[in-house]
Structure formats: C-alpha cells, structure tokens
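Letter 58 of the sequence shown, counting from 1, is numbered 58 in UniProt numbering, and no numbers are missing. Each residue gets a CB set at the ideal place from its N, CA and C atoms; glycine is no exception.
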Amino acid sequence: MQINNLSEENSLLNQFLKEIRNVEIQQDSLRFRRNIERIGEIMAYEISKRMTYETENVKTQLGVAPINLPTEQVVLGTILRAGLPFHNGFLNYFDHAENAFVSAYRKYKDALKFDIFIEYIASPSLDGKTLIVTDPMLATGSSMELAVGALHTKGKPAHIHIATIIASQPAIDYIQSNLTADNITVWTAAIDPELNSHSYIIPGLGDAGDLAFGQKL
Ligand SMILES: O=P(O)(O)OC[C@H]1O[C@H](OP(=O)(O)OP(=O)(O)O)[C@H](O)[C@@H]1O
Ligand SMILES: O=c1cc[nH]c(=O)[nH]1
Ligand SMILES: [Mg+2]
Numbered sequence: 001m002q003i004n005n006l007s008e009e010n011s012l013l014n015q016f017l018k019e020i021r022n023v024e025i026q027q028d029s030l031r032f033r034r035n036i037e038r039i040g041e042i043m044a045y046e047i048s049k050r051m052t053y054e055t056e057n058v059k060t061q062l063g064v065a066p067i068n069l070p071t072e073q074v075v076l077g078t079i080l081r082a083g084l085p086f087h088n089g090f091l092n093y094f095d096h097a098e099n100a101f102v103s104a105y106r107k108y109k110d111a112l113k114f115d116i117f118i119e120y121i122a123s124p125s126l127d128g129k130t131l132i133v134t135d136p137m138l139a140t141g142s143s144m145e146l147a148v149g150a151l152h153t154k155g156k157p158a159h160i161h162i163a164t165i166i167a168s169q170p171a172i173d174y175i176q177s178n179l180t181a182d183n184i185t186v187w188t189a190a191i192d193p194e195l196n197s198h199s200y201i202i203p204g205l206g207d208a209g210d211l212a213f214g215q216k217l
C-alpha cells in the first residue's frame with residue numbers, strides 16, 4: 001500500500017493545516033470548514049495527477065486544441081459528519097463525480113471504550129470505478145476500515161484512494177495490516193505520532209466534527 005504524506009513537501013497546504021490545528025484560529029468554524037475544504041481541493045488536484053488520461057480535441061473559436069483528460073469514473077465517498085467539508089473540497093474539483101455517504105460514529109461504553117456504528121450508506125454502483133473515501137481524521141483507523149468494508153457491498157472499485165488530513169501513525173499501521181488489497185492508496189496531509197487514552201490524535205487538532213458543526217450530545 002502506498003502512503004502519500006503531502007507535508008513531506010513544503011506547500012501552501014501547510015498554512016491551512018496550521019490554521020485548523022491552531023487552538024485559537026480553529027474556533028472560527030466557518031474558517032475551519034473552509035480550510036478543510038481547501039485542503040480537499042489541493043488533495044484532489046494531487047490525486048488527479050496519478051489518474052489515467054486520454055487525449056481529446058477541444059474546438060475553440062479559431063481551431064482545435066488537443067488536451068489530455070482523466071478517463072476514470074470517480075466516486076467521492078465520505079464519512080459523516082466531519083467528512084462533509086473535506087468532501088466538498090474534492091467535489092469542487094471532481095465536479096463530474098458521483099457521490100457516496102456513510103455514517104460512522106463512536107458510541108461510548110464508558111469514558112474510554114467505544115464501538116463504531118455504521119447505520120447509513122447511500123452509494124452508486126462502485127464496480128470498476130475510482131473510489132476516493134474522505135475523512136479528515138484517521139485516529140485508530142477503525143471508522144475508515146468499516147466504511148470501506150460497507151462501501152464494498154456496493155461493488156468492486158478498480159482503485160480506492162483513502163484521503164485524510166491528519167492520520168496517526170497507529171492508524172497508518174492499522175490500515176496497512178487490515179486493508180490489504182493491492183488497489184488502495186493512502187493520502188494524508190500529516191502523520192502524527194500517537195493517540196491519547198480517548199483515542200484522539202496527539203497533537204492532532206481536537207474533534208473535527210465538533211469544530212466544523214458544533215458539539216453533539
Ligand atoms: O479512526 P477512528 O478512531 O475511527 O476515528 C476517526 C473518526 O472520528 C471522527 O468522527 P467522529 O466519530 O468524531 O464523528 P463526527 O464526524 O460525527 O464528529 C472522524 O471524522 C473519523 O470518522
Ligand atoms: O483526534 C480525533 C479522533 C477522532 N475524531 C476526531 O475528530 N479527532
Ligand atoms: Mg467527532
């Protein structure tokens with residue numbers, strides 16, 4: 001499995017990453033959502049460079065210009081809630097894509113232990129398509145593993161891109177051991193070293209869903 005960590009190369013993405021991590025700036029939820037969306041736009045562009053292309057001719061007012069265009073049929077899948085602004089960023093660029101939505105939430109048994117529940121899935125057929133599953137946080141990696149499993153009930157994609165913003169190193173290890181198909185590529189903007197006892201990413205950014213949409217009961 002190939003892991004692409006975009007912060008290994010310096011780019012403007014680091015400015016947006018700084019703002020979603022910063023404990024003061026991140027309190028502006030409009031800016032938080034927009035920064036997540038902007039990172040989605042950048043990541044969509046990076047992923048597009050790895051796709052297959054075919055040359056088409058475009059008729060201008062004065063002649064014909066050849067242009068290479070992506071041929072892959074893209075489905076953008078996201079994990080509710082925190083995935084929504086990230087998904088939107090991808091959709092701004094892959095504007096012809098189909099869309100899939102999966103719900104996943106942590107149901108706490110006590111202060112530390114939780115199970116992850118998937119209750120909702122809305123997806124087109126994925127057979128032969130390029131599936132990009134977006135979620136800004138890969139903490140333990142379990143929500144992503146379950147979401148990819150749930151999406152597999154809707155067909156067999158030709159390729160799966162897992163796109164995240166902050167992944168923990170334990171989540172990267174977990175995904176590598178539990179999603180072993182050879183057609184999966186991971187994209188992240190940062191890999192943080194560890195999780196705390198509540199399985200939050202350290203240093204991470206806090207709770208992405210709450211910062212984007214407010215606290216839930
Ligand atoms: O890798 P994991 O340990 O599974 O954790 C990551 C999950 O946690 C967050 O969602 P959360 O459960 O907070 O739901 P929310 O988006 O509704 O806030 C995040 O968006 C991931 O889906
Ligand atoms: O660090 C984490 C872990 C799970 N969900 C988040 O939003 N952040
Ligand atoms: Mg949350």
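Environment of residue i [buried if 16+ CB atoms lie within 10 Å]
i	result
I67	exposed
P85	buried
Q2	exposed
D95	exposed
F117	exposed
S162	The sequence given here places Ile at residue 162; Ser does not occur at that position. When all chains shown are included, I162 counts as buried.
N178	exposed
N35	buried
Under the three-state DSSP convention, the category residue i falls into
i	result
residue 254	Lying before the first or after the last residue shown, residue 254 is absent from the chain, which here runs from 1 to 217.
residue 228	As displayed, the chain neither begins before 1 nor continues past 217, which places residue 228 out of reach and without an answer.
K109	coil
M1	coil
S103	strand
A44	helix
S199	coil
P66	strand
T185	strand
T153	helix
Y120	coil
Y18	Checking the displayed sequence, the identity of residue 18 turns out to be Lys instead of Tyr. Looking at K18 - three-state DSSP - the assignment turns out to be helix.
I132	strand
F94	coil
S168	strand
G83	helix
Closest residue to residue i among the options (Cα-Cα distance)
i	options	result
S143	R81, A44, D127 and Q27	R81
T130	K154, R34 and N5	K154
L138	D115, E98 and P170	P170
P136	I166, A150, S123 and Y108	I166
F213	L112, E19, R31 and N4	R31
A97	V74, S197 and L205	V74
Residue i CB to nearest heavy atom of ligand 4 below 7 Å
i	result
G209	Summarising the ligand content, the structure contains ligand 1, ligand 2 and ligand 3 and does not contain ligand 4.
Chain-order list of residues whose beta-carbon lies under 8 Å from that of residue i (same chain, five-residue window excluded)
i	result
A158	E72, G128, K129, T130 and N183
S48	P70, Y93 and F94
L12	I42
Same chain only: Cβ atoms within 7 Å of residue i, ignoring 5 sequence neighbours per side
i	result
A44	G89, F90, Y93 and F94
E56	I67 and L69
S168	L138, A139, D192, E194, L195 and I201
L146	A104, I116 and I118
Chain-order list of residues whose beta-carbon lies under 6 Å from that of residue i (same chain, five-residue window excluded)
i	result
N99	L76
E37	P85, N88 and G89
Taking 8 Å as the threshold, find out whether the segment 168-185 comes into contact with the segment 78-90 through three or more Cβ pairs.
The count of Cβ pairs closer than 8 Å, one atom from the segment 168-185 and one from the segment 78-90, stays below three, leaving the stretches out of contact.
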